[in-house]
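What follows is a short report on a single structure.
Residue numbers (our numbering), protein chains in the order written: chain W, 175 to 339; chain C, 11 to 324.
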């Protein structure tokens, strides 16, 4: 069946199996391989994309469900050739090792910062608590997200609130 | 993981749901958030001819109030429900159970109806078809014995965090089917049988969860190994309203258990917690030892009720 939806701002119309997950469609039909299959059951978060701005496990969404909806993948995070501050901070802070969890981490973090520009470390940890990482030990990821939040606040001239620990 | 072949149908209203139900001879699964259904499909625990997506049905997505109840549409997702001012101020047990459910990302997709109607779980059941065929099918799969105990009773665990909270709040559920409408206390929804946990009529849809209005004190305690994602290994909820307390325990066995706590005193709390712990029948079908889970029923119940008692005394 045909499904029409938006991916990273572009309208697409894809012929899919009725029993295909959004993850399969993104990876195999649209060649957007940033989202990964880590567990297939929704537990690990490697498949996380943004669906209408909210993080969603693409391995648990049937593609026909996203008719008319907006999907954002990691490929859409950068603006033209410029990396998003989250991506810059992840690289600078050593928050990427094998990279398998990274797409999911970045998109989950982006959704957080879009609604909460000054999250505490505790809040960051809570929000990414369902994105599993086997490599980094998480600390550098949390720092990178906090750093990206600082840069975004500076860039938008939002008043610097005192960060709680 | 690849899904098994099936058809996808989207229903615009309940009438269409039941037309599709007829069309496929009842061999359908209802799709809400999909966070329980899709893993089941991937593991081949369920083989419907079609999934019927309920998410366009407006009447299942309203939150309203009448004189007696806060009425919550079954398709409201858990994350949004957490943000509802009435839930936050009136029903602390439910707020805490919503916050404890899984993780934010899955709360944004999972619905309250789907959370209540999740299937029971067991280490020997929630496995791939290959694994299960190698082991031999258990009672819940239509076989002859329980693979966890070797016996003739199914001990699969009902792992909704929100069910015990809602039971402690005397919640009711409104169910709709081609045969009509009924409204029952939530605890009557359960059969107590792991093989078929819910007493639902063919094609029946859980339409609304109704919580009697009025402030409550209460809370929810969850035994889990990780701070996110995990199902409850024991889930204990307590609500105190008009001096009467209700304690509910889930995660151990196929249905939540309910205890009236008439005396919120140290003695009354000890007695209720002891009863709940005594009645719990955990077996080796979850990630922690049964003896530990049994002991934690009592410890969590005492801790929870003790905390509410202190709060009530202030």
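Where is the CB? At the ideal position from N, CA and C, for every residue including glycine.
Name the chain W residues that come within less than 7 Å of residue 113/C, Cβ to Cβ? Sequence index remark: in the second chain, residue 113/C carries index 103 (1-based). Under the 7 Å cutoff, chain W gives 303 and 304.
Taking the alpha-carbon of residue 295/C as reference, which of 146/C, 83/C and 160/C has the nearest alpha-carbon? As a first step, residue 295/C must be located in the second chain, where it is residue number 285. If we check each option's Cα against that of residue 295/C, 160/C comes out closest.
Let me know the secondary structure DSSP gives residue 209/C once reduced to three states. Residue mapping note: residue 209/C aligns to position 199 of the second chain, counting from 1. The answer is coil: DSSP assigns residue 209/C none of H, G, I, E or B.
Check whether the Cβ atoms of residue 46/C and residue 120/C sit closer than 9 Å, and answer yes or no. Numbered from its first residue, the second chain carries residue 46/C at position 36. Numbered from its first residue, the second chain carries residue 120/C at position 110. Yes, the pair counts as a contact, with Cβ atoms nearer than the cut-off.
Please say whether residue 186/C and residue 217/C have beta carbons closer to each other than 9 Å? Start at 1 with the first residue of the second chain, and residue 217/C comes out as number 207. Start at 1 with the first residue of the second chain, and residue 186/C comes out as number 176. Contact flag set, yes.
Spatial neighbours of residue 337/W within its chain, please: CB distance less than 6 Å, with the 5 preceding and 5 following residues excluded, ordered by chain position. Within the first chain, numbered from 1, the residue matching residue 337/W stands at position 163. Summary for residue 337/W: the model assigns pLDDT 46, below 50, so the residue's position carries little reliability; its value from the coordinates is reported in the next sentence. None.
Using a beta-carbon distance below 9 Å, is residue 34/C in contact with chain W? Here residue 34/C refers to the residue found at position 24 of the second chain. False, the Cβ-Cβ gap to chain W never drops below 9 Å.
Just checking: is the beta-carbon of residue 329/C within a distance shorter than 9 Å of some beta-carbon in chain W? Chain C is shown from 11 up to 324; residue 329/C falls before or after that span and cannot be answered.
Are the C-beta of residue 212/W and some C-beta of chain C separated by less than 9 Å? Residue 212/W sits at position 38 when you count from the first residue of the first chain. It does not; no Cβ of chain C falls within 9 Å.
Would you mind working out which of 174/C, 166/C and 31/C sits nearest residue 300/C, comparing C-alpha positions? For the purposes of this step, residue 300/C is taken as the residue at position 290 of the second chain. Among 174/C, 166/C and 31/C, the Cα nearest to that of residue 300/C belongs to 166/C.
Which residue's Cα is closest to the Cα of residue 138/C: 227/C, 319/C, 163/C and 14/C? The residue given as residue 138/C occupies position 128 in the second chain. When only C-alpha atoms are compared, the closest one is 14/C.
Which term fits residue 236/C, buried or exposed, when burial requires 16 or more other beta carbons within 10 angstroms of its beta carbon? Taking the first residue of the second chain as 1, we reach residue 236/C at position 226. Flag for residue 236/C reads exposed.
Use the C-beta contact count for residue 328/W: other C-beta atoms within 10 angstroms, 16 or more gives buried, fewer gives exposed. Residue mapping note: residue 328/W aligns to position 154 of the first chain, counting from 1. With fewer than 16 other Cβ atoms within 10 Å, it is exposed.
Output the residue ranges of the beta strand (DSSP E) runs that lie fully inside the stretch 44-118 of chain C and measure 3 residues or longer, sorted by chain position. 60-63, 73-75 and 79-83
Out of 201/W, 175/W, 314/W and 278/W, point me to the one whose CA is closest to residue 268/W's CA. Start at 1 with the first residue of the first chain, and residue 268/W comes out as number 94. That would be 314/W, whose Cα lies nearest to the Cα of residue 268/W.
Starting from residue 186/C, trace the beta strand (DSSP E) in both directions and tell me its first and last residue. Within the second chain, numbered from 1, the residue matching residue 186/C stands at position 176. Counting along the chain, the beta strand (DSSP E) containing residue 186/C begins and ends at 182-187.
Can the beta-carbon of residue 225/W be found less than 9 Å from the beta-carbon of residue 240/W? Working through the first chain from its first residue, we reach residue 225/W at position 51. Working through the first chain from its first residue, we reach residue 240/W at position 66. The answer is yes: Cβ separation under 9 Å.
Does the beta carbon of residue 334/W come closer than 9 Å to any beta carbon on chain C? As a working mapping, residue 334/W is identified with position 160 in the first chain. Reliability of the predicted coordinates at residue 334/W is poor, the pLDDT of 45 falling under 50, and no value is obtained from them.
Nearest-angstrom Cα distance between residue 203/C and residue 149/C? Mapped onto the second chain, residue 203/C falls at position 193. Mapped onto the second chain, residue 149/C falls at position 139. Those two C-alpha atoms are separated by around 11 Å.
Taking the Cβ atom as the reference point for each residue, do residue 168/C and residue 83/C lie within a distance shorter than 9 Å? For the purposes of this step, residue 168/C is taken as residue 158 along the second chain, with counting starting at 1. For the purposes of this step, residue 83/C is taken as residue 73 along the second chain, with counting starting at 1. No, the pair does not count as a contact, with Cβ atoms beyond the cut-off.
Taking only runs that begin and end inside the stretch 128-187 of chain C, name each unbroken alpha helix (DSSP H) of 4 or more residues, in chain order. 139-145 and 172-178
Under 9 Å between the Cβ atoms of residue 103/C and residue 226/C? Translated into the one-based positions of the second chain, residue 103/C becomes position 93. Translated into the one-based positions of the second chain, residue 226/C becomes position 216. Their beta carbons are under 9 Å apart, which means residue 103/C touches residue 226/C by this criterion.
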